[in-house]
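Below: the structure, in structure tokens.
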Amino acid sequence: MSLLLTRRRTAATVLTAALLVPLAACGNDSDTDKDSAAGAKPSDSASGAPAAQLTVLAAASLTDVFKEAGAAYEKENPGTKVTFSFAGSQELAAQVKQGAPADALVTADTKTMDGLSGETGTPTVIAKNRLVIAVGEGNPEKVGNLKDLSDAKLKVVLAAPEVPVGRYSKQILDAQKIAVKPVSQEPNVRAVLSKVELGEADAGLVYKTDAETAPDKVDAIDIPDAENAVASYPAATLKGSKQSEAAAAFVAWLSTPAAQKILQGAGFQQP
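In terms of numbering that gives the first Met the number 0, the sequence shown opens at residue 0 and continues consecutively.
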């Protein structure tokens, strides 16, 4: 009888262990699901930043350079994906105020960022820029300086005054007492550039870096520093982010030598 009892106990122990194995596996899957739901996973990156799916709202003038920067960041941080949403800074600010799901914000001026102080972390200026006069390739209208933009025969396009580049444009034109009647006011700097590229405008005020993205379609007329404006680009995390640690790591990376090399290679100035 004792031998039979021992065999029964052994069988029960084996059955219990077999049942516990799949339960333990389910527990591990649950932990993984929790990590996925939080949007962050352990990272293989040298920086130790958690892997995540990041959404970054960025000024339109950063379109080309941030695509390159984002690819570099993803390479440095395996498992991380950075998705950008580009628009005029005033549009981005409206999105933030409306609660758009995003993790970080980069604007083309400090004024817009300062207006969102309750929605962001402490901003850091990552780059600077200056304005130029964009004209058609070969400068067919022979535009030479800001004063030429006051010619009534010239079709000039500017960004709307609520847009950072539009505000900078108004600032430098007002300072030189130059009256310009634009044929249109655009929602962002890329729209201004596009008008000139397509020949729908003879000239427009854009950032130097934007003009450099279309060297075969537009020429850039430099504006002397004494008559120009300096645009600052602050970056900050968004308080509504569900991936605050990963967002902070990306914002901090924008000030590193690797990121600055990319920004300055695209014509942006040191912060």
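Ideal placement from N, C-alpha and C gives every residue a C-beta, glycine not left out.
Taking C-beta atoms under 8 angstroms as the contact rule, V229 and Y206 fail to qualify, at a distance of about 11 angstroms. Around the beta carbon of G143, fewer than 16 other beta carbons sit within 10 angstroms, so the residue counts as exposed. The beta carbon of N138 lies closer than 6 angstroms to those of D218 in the same chain, with the five residues before and after it left out. Excluding residues up to 5 positions away in sequence, T111, G114, L115 lie with their Cβ nearer than 7 angstroms to the Cβ of A92 in the same chain. In this structure the segment 59–78 lies against the segment 249–266, because at least three pairs of beta carbons, one per stretch, are closer than 8 angstroms. In the DSSP assignment, I132 falls outside any alpha helix (DSSP H) and within the unbroken beta strand (DSSP E) covering 123–135. The straight-line gap separating the alpha-carbon atoms of L192 and I177 is approximately 21 angstroms.
In this structure, DSSP gives I220 an extended state, which the three-state scheme calls strand.
V162 is positioned such that its CB atom lies no closer than 8 angstroms to that of P181. F85 is bridged by DSSP to A57.
P77 carries a coil assignment under DSSP once its states are collapsed to helix, strand and coil.
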